[in-house]
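In the numbering used here, the protein residues as written are 45 to 325.
Ideal Cβ placement from N, Cα and C applies to all residues, glycine included.
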Amino acid sequence: MATLLRKSRALQLLGLMFPGGFWMVVFFLLPLLFIVVLSFLDNERLFTLEGYQRVFDPLYIGIFLQSIWISLLTTIISLLISFPVALFMARLPKGWRDIALFAVMIPFWTNFLVRTYALQFLMRNQGPINLLLQWIGLIDEPLSMLNTPAAVMVGLIYGNLPFMILPVYTSLEKFDWTLLEAAQDLGASAWPAFFRVMLPLTAPGLLSGSILTFVPAIGSYVTAELMGGGKATMIGRVIAGQFEQAQNWTFGSAMSLILMVIVTIFALIYFRLGRGERVAL
């Protein structure tokens, strides 16, 4: 009887797991397997390592490093912006907190491509920002803000900021504010109390927001294309070019897998640092 009961529970568990597992296999594992196989085949479908050999060309290593650097800066700046915003939201009364959350999530209602075009319009030479700066007399000629690495970074920050704010806000909302009062009663000033009490206890949210910002940023294609205009090359744009213009699917697949390895390394660092509720700093 106990054996039949265990089998019945196992079948129920499999039944519950099947829908999610099926879509995971169809939309994740099979495409990933296809990319892995394709990275080892040339145009004649013969085995080759040419794609991986080209990845280690100094030109492409430089593009990888530039992409990592821009993504890291994007993550750090997003965190510096998001923390005071999330802190302000967490200290609001309950009703106002809901309104603030609603305001943060409004950008998700609009297509990301449309939002990027809107930002591009704001930053162009004859856009509102340049016109305003000229009107108040800060500049005499329009600033060239587009088609630069800085423009790409602004676009990435703008697009990914909600992904940083929400996890940070979640950690701050759960934070026990009486701990700061206790630290101050024990003689700690504001900054030591922040670094020794508040920051370690909210670190899981900071790490979650960082990984949710870094991963989309490093593989970004639309933002690099529209805001960089070909002058700020990121690895996502290069990979897209290999599949679309160059028709070199072997090299594009190899670069995609290398990028996935890089992202996996950062994700493992996140899981290692984010284990548990408290992260020692």
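| Check | Outcome |
| --- | --- |
| Using a Cβ-Cβ cut-off of 8 Å (strictly less than) and excluding sequence neighbours within five positions of F127, which residues of its own chain qualify? | V212, L250 |
| To test your reading of the DSSP string, which unbroken alpha helix (DSSP H) runs of 4 or more residues are found completely within the segment 47-86? | 74-82 |
| I believe L256 touches F207 by the beta-carbon criterion, under 8 Å. Please report the beta-carbon distance rounded to the nearest angstrom. | 4 Å |
| Look at the alpha carbon of F156 and the alpha carbon of G203, and state the distance between them as a whole number of angstroms. | 7 Å |
| Which residues in the same chain as A147 place their Cβ atom closer than 7 Å to its Cβ, once the five residues preceding and following it in sequence are excluded? | none |
| Between which two residues does the alpha helix (DSSP H) containing L200 stretch? | 193-218 |
| For G320, does the count of other Cβ atoms within 10 angstroms reach 16, so buried, or fall short, so exposed? | Below a pLDDT of 50, predicted positions are generally treated as unreliable, and G320, at 46, falls in that range; the measurement from the model is reported next regardless. When all chains shown are included, G320 counts as exposed. |
| From M189 to A227, what distance separates their C-alpha atoms? | 45 Å |
| If we count the other Cβ atoms within 10 Å of its Cβ and call it buried at 16 or more, is S300 buried or exposed? | buried |
| When you compare only the Cα positions, how much space is there between T222 and P172? | 45 Å |
| When you compare only the Cα positions, how much space is there between L312 and S252? | 12 Å |
| Just grab the DSSP bridge partners of F91 for me. | L85 |
| Give a yes or no on contact between the segment 286-304 and the segment 120-136, applying the rule of three or more CB pairs nearer than 8 Å. | no |
| Let me know the secondary structure DSSP gives M278 once reduced to three states. | coil |
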